[in-house]
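Counting from 397, one number per residue, gives the positions in the sequence shown under the numbering used here. Worksheet for the structure shown next.
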Amino acid sequence: MVQIVNTSDQRGRNLILIGFMGTGKTTIGKDVAKSLGFRFVDTDELICRKAGKSVPKIFEEDGEAAFRLIETEILEEYGKMTNQVISTGGGIVTEKRNHPLLHQAGYVVWLKASPETIFDRVRRNKNRPLLQVDDPLQTIKQMLEDRTEFYDAVDDLSINTDKLTLEEIKFGIVESARVSLKLT
Ligand code: S3P
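This is the structure in structure tokens:
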């Protein structure tokens, strides 16, 4: 597939989804990409492809710092392209070096959810190494508290998903992205 590369100083024509694990970035992102006619990419998936192993394996064998380095490389690479919905891993904002990259890549939407909603969504999933702990709900609460300032520093729009249907969330994102990215 031919990709148009953004070589100007302007922000890219992409929609970037940020937010904690389990806030629906992938599910919503795929839907939104269809509506906008953009391609969907997921940084976790691209990291796994590059590393040749799963997220838990990267954490276990190479450590979180190695995971974060590949995450930045992927963000740099894909942030230069256009017409994409980029779903990012929940911890991408914890590296300050990623903040200007996220901003440059395009319009950044932060999906929010309460710790209880998140816990409910991720409790049966073993694919998230940072939540394989004795008290995941407490860990979620703490991590959310620690990360809020970082999400806040990079988002253009935030949406609290707790009381909204998928359709409502999608509508809000698509319409605001159309205006912000000047899509006709
Ligand atoms: C992480 C979130 C995960 C994945 C990795 C680390 C985090 O992505 O990148 O397990 O630090 O919050 P999702 O947010 O897609 O689950």
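Note that CB positions come from ideal geometry on N, CA and C, so glycine has one too.
Cutoff 8 Å; reference residue i; Cβ partners in own chain excluding five residues on either side
i, result
"ILE565", "GLY420, ILE424, LEU507, ILE555, THR557"
"ASP427", "LEU562, LYS566"
"THR468", "GLU491, ARG493, ASN494, LEU497"
"ILE523", "Checking the displayed sequence, the identity of residue 523 turns out to be Asn instead of Ile. SER450, VAL451, PRO452."
"ILE514", "PHE416, MET417, GLY418, THR419, ILE536, LEU540"
Close beta carbons around residue i, own chain, < 6 Å, minus the five adjacent residues each side
i, result
"GLU456", "none"
"ILE569", "VAL428, VAL505"
"PRO525", "PRO452, PHE455"
Beta-carbon proximity check, residue i vs residue j, cutoff 8 Å
i, j, result
"GLY408", "THR478", "yes"
"SER572", "LEU553", "yes"
"ARG519", "PRO532", "yes"
"ILE470", "ALA462", "no"
"VAL504", "ASP551", "yes"
"GLN500", "GLY475", "yes"
For residue j and residue i, the rounded distance between their alpha carbons
i, j, result
"ASP440", "THR580", "30 Å"
"PHE436", "LEU540", "26 Å"
"CYS444", "GLN406", "30 Å"
"ASP516", "ILE536", "11 Å"
"MET417", "LYS430", "22 Å"
"ASN521", "THR422", "15 Å"
"GLN534", "THR544", "15 Å"
"LYS446", "ILE466", "8 Å"
"GLY448", "ARG464", "15 Å"
"VAL489", "ALA549", "9 Å"
"ALA509", "PHE546", "16 Å"
"SER576", "ASP530", "42 Å"
"LEU442", "GLU472", "12 Å"
"GLN528", "GLN538", "14 Å"
Closest residue to residue i among the options (Cα-Cα distance)
i, options, result
"ASP542", "THR422, GLY487, PRO525", "GLY487"
"ARG574", "GLN538, GLY448, GLY502, ILE514", "GLY502"
Stretch-stretch touch, CB-based, cutoff 8 Å, three pairs: the stretch 407 to 419 with the stretch 477 to 496: The stretch 407 to 419 vs the stretch 477 to 496: in contact.
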